[in-house]
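Working notes, beginning with the structure itself.
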């Protein structure tokens, strides 16, 4: 007699089993989600605050650049321009050399492109010390032709070679720019005093490596008015900024915490769903 084969018992399905989404939509988990979002928002705000402080102005580097100081206190002819001297408003006494006027182009001024008229200032020296040279950006013209006409007129201004007090912003030299193949070799496209010296007729002593952007004050106003040049934009240098990498690390850390708050809510809700699911499977098995 052959044994009777029985089909394996089929486990009954629990028709009321909730889905993960249904569990998450329960009031307790909605409140938990709102709390997690609040915590994440606080963490995100802390991360933003840390990031704002990561790039900051070094208070020790913020100095008064707008109060005129004697050029001799900040820079020495024949030496490089230091970070302390760069961008400072200075006062200097000297006389322009009429035959040493040059044109530098292109130069932007108040959003327009034109040219600078650049002069050679023979800086007044103390008795027994050599005279020094200083390149001075005198004024701006809307085109090369206008700048050349202003330079010719400026060379004929009465008293140009007299000693006068000038005020301006002392700037470091720019990088040299090689003229194009179709331009004359002496064309100047950048303010490089070391290059300007080659075209000066009179160089009695050492020359400042930086140059002066003339301000329309005192003797500068007279020169600009005499030849119709516009004053050159003189923008104060921006304070030095530094990156605090520890603040950057803290900012990233707070963002991770914010993401973890949301993940923790999800993980707890899923654990509750899995636990409920297992209990329902256990009850279903016991009811077989």
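Numbering (our numbering), first residue to last: 38 to 325. Beta carbons: idealized from backbone N, C-alpha and C, even for Gly.
- Item | residue 209 to residue 70 span [Cα, whole Å] | Against the chain shown, residue 209 aligns to sequence position 172. Against the chain shown, residue 70 aligns to sequence position 33. Between residue 209 and residue 70, the C-alpha separation is close to 58 Å.
- Task: Please say whether residue 203 and residue 257 have beta carbons closer to each other than 8 Å?
- Result: Residue 257 sits at position 220 when you count from the first residue of the chain shown. Residue 203 sits at position 166 when you count from the first residue of the chain shown. Yes, they are a contact pair.
- Is it the case that the Cβ atoms of residue 160 and residue 131 are separated by a distance below 8 Å? Taking the chain shown and counting its residues from 1, the one referred to as residue 160 is at position 123. Taking the chain shown and counting its residues from 1, the one referred to as residue 131 is at position 94. With respect to residue 131, residue 160 sits close: the two C-beta atoms are nearer than 8 Å.
- Contact between the stretch 101-114 and the stretch 76-83 (3+ Cβ pairs under 8 Å): no
- Take the Cβ of residue 219 as the centre, count every other Cβ of all protein chains shown within 10 Å, and call the residue buried at 16 or more, exposed below. Counting from 1 along the chain shown, the entry for residue 219 is found at position 182. Classification of residue 219: exposed, given that the 10 Å Cβ count is below 16.
- Report yes if the CB atom of residue 274 is closer than 8 Å to the CB atom of residue 124, and no otherwise. Stepping through the chain shown from its first residue, residue 274 is reached at position 237. Stepping through the chain shown from its first residue, residue 124 is reached at position 87. Their beta carbons are under 8 Å apart, which means residue 274 touches residue 124 by this criterion.
- Item | Under 8 Å between C-beta atoms of residue 344 and residue 170 | Residue 344 lies beyond the range of the chain shown here (38 to 325); nothing can be said about it.
- Collapsed DSSP secondary structure at residue 54 in the structure displayed: For this step, residue 54 is matched to residue 17 along the chain shown. Note: residue 54 maps to coil in three-state DSSP.
- Measure how close the beta-carbons of residue 225 and residue 141 come, nearest whole angstrom, since I'm counting them as under 8 Å. One-based indexing of the chain shown puts residue 225 at position 188. One-based indexing of the chain shown puts residue 141 at position 104. With 8 Å as the limit, residue 225 and residue 141 qualify as a contact, their Cβ atoms being about 5 Å apart.
- Task: Run the CB neighbour count on residue 139, radius 10 Å, all protein chains shown included, and call it buried at 16 or more, exposed below.
- Result: Within the chain shown, residue 139 is the residue found at index 102, counting from 1. Its Cβ being crowded by 16 or more others within 10 Å, residue 139 is buried.
- Compare the Cα-Cα distances from residue 268 to each of 300, 285, 151 and report the closest residue. Translated into the one-based positions of the chain shown, residue 268 becomes position 231. Considering only alpha carbons, the answer is 151.
- Task: Please work out which residues of its chain come closer than 7 Å, Cβ to Cβ, to residue 181, disregarding the five sequence neighbours upstream and downstream, and give them in chain order.
- Result: Position 144 of the chain shown, counted from the start, is the residue given in the question as residue 181. Excluding residues within five positions, the ones whose Cβ falls inside 7 Å are 140, 142, 152.
- Are the CB atoms of residue 249 and residue 129 nearer to each other than 8 Å? Taking the chain shown and counting its residues from 1, one reaches residue 249 at position 212. Taking the chain shown and counting its residues from 1, one reaches residue 129 at position 92. A contact, by the Cβ cut-off of 8 Å.
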